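Colleague: Can you keep this structure in mind? I'll have questions shortly.
Protein chains: 2
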Amino acid sequence: MSKAATDNPAGSIASAPVAIEAAGVVPRAKPSSYPALFAARMAGREKRVLGDLFGLRNFGVNLTRLAPGAASSLRHRHTKQDEFIFVLDGEPTLITDAGKESLHPGMCAGFPAGGAAHHLLNETSADVIYLEIGDRTPGDSADYPDDDLRAELGPGGQWLYTHKDGSPW
Amino acid sequence: MSKAATDNPAGSIASAPVAIEAAGVVPRAKPSSYPALFAARMAGREKRVLGDLFGLRNFGVNLTRLAPGAASSLRHRHTKQDEFIFVLDGEPTLITDAGKESLHPGMCAGFPAGGAAHHLLNETSADVIYLEIGDRTPGDSADYPDDDLRAELGPGGQWLYTHKDGSPW
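Listed in order, the protein sequences are those of chains W and S. Each step along the first sequence adds one to the number in the numbering used here, with nothing skipped, and position 66 is 66. Each step along the second sequence adds one to the number in the numbering used here, with nothing skipped, and position 16 is 185.
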């Protein structure tokens, strides 16, 4: 493969599809990258990774399903990454510093870097399905006001987790 | 306002909402930033700007409606920006270097920087509605294989258009 092809994000995904049925994508195998104590709290959350399938690198797009009782994440905010969600099905509860709000299909919310800590909970008896978008600005970190956790984005794009005092999990 | 508040993208949007009904957002007043000859070809395209309402800066999210006969854009590709679309309603035709494909609700497509030139057409008699996402990587430019047009992203985030030979429109 030529250097030009190697450098080309499209060229490096030789089999990238033109368009896909989002619900037909196989869910991500690893349910969460959190330390085990917190990963256990992500039961019932299922992510279909969409953007990466097309070779996108600047932001990620997932189709995420929350079974009844499941959460989108621990409540958190990023220092560099902007995030956005669009509800496709069901009625998630959005929890931010401002309180709780029930959402429904066609509603959206955005979470700018440095803004309010947030997450979604499915407090209903039906599935919730939404699109989530987040960019991949280098040097990002995340704080978790309700949990003894901090995260730093490593140079390879993986999250590195510590206690709030900096000691490793 | 303190410097810290000025520097904080969330703090600078004092009235940013927590969540909104996407379809209730007032459409963007300016239909297109293209030179007039090309802007006229964007009739029937209506964009509701969603991400900016929440103070997002790293990427944009629009809820876009194409009336029958309308196009998403001129067929183009970016050098730096990744793009993604998710169909919510109707059946747009996706046109890329690979040909034509009819999409339907629940389908998505991604267009990595440097990848295939692309756009959507509404060749049906019903509206098409989709979400579009694109990042704002500095130094972006766009080329338009079917038209005598080039675009460079200016330092203020505005698009600067020229003919392919570099002369201004």
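Built from N, CA and C at the ideal position, the CB exists for glycine as well. Since this is a predicted model, take the numbers as computed values, not measurements.
(1) Considering only the alpha carbon of each residue, which of 277/S, 284/S and 327/S lies closest to residue 201/S?
(2) Taking the runs of the beta strand (DSSP E) that are 3 residues or longer, which of them lie wholly in the stretch 190-229 of chain S?
(3) For the pair the stretch 223-240 of chain S and the stretch 277-295 of chain S, tell me if three or more CB-CB distances fall below 8 Å.
(4) Going along the chain, which residues of its own chain have a beta-carbon closer than 6 Å to the beta-carbon of residue 101/W, five neighbours each way excluded?
(5) Is there contact between the stretch 224-234 of chain S and the stretch 102-114 of chain W, where contact requires at least three CB pairs shorter than 8 Å?
(6) Use the C-beta contact count for residue 242/S: other C-beta atoms within 10 angstroms, 16 or more gives buried, fewer gives exposed.
(7) Indicate the three-state DSSP secondary structure (helix, strand or coil) for residue 145/W in the structure shown.
(8) Between the Cα of residue 267/S and those of 231/S, 244/S, 218/S and 316/S, spot the shortest distance and give me the residue it belongs to.
(9) Just to make sure I have the definition right: I need the residues of chain W whose C-beta is within less than 8 Å of the C-beta of residue 291/S. Which are they?
(10) Chain W partners of residue 226/S, CB-CB under 9 Å?
(11) Given that residue 135/W touches chain S, what residues does it touch there, using C-beta distances under 7 Å?
(12) If we ignore side chains and look at the alpha-carbon of each, how far apart do residue 79/W and residue 131/W end up?
(13) 9 Å is my cut-off, CB to CB: does residue 222/S come that close to chain W?
(14) Looking at the structure shown, is residue 332/S part of a helix, part of a strand, or coil, going by DSSP?
(15) For residue 90/W and residue 62/W, what's the separation of their Cα atoms in angstroms?
(16) Under the rule that 16 or more other beta-carbon atoms within 10 Å means buried, what is residue 118/W, buried or exposed?
(17) Cβ of residue 19/W less than 9 Å from any chain S Cβ?
Modeller: From the atom records:
(1) 327/S
(2) 214-218
(3) yes
(4) 94
(5) yes
(6) buried
(7) coil
(8) 244/S
(9) Going along chain W, no residue has its Cβ under 8 Å from residue 291/S, so there is no contact; the nearest lies around 15 Å.
(10) 82, 112 and 113
(11) 227, 228 and 304
(12) 21 Å
(13) yes
(14) coil
(15) 16 Å
(16) buried
(17) yes
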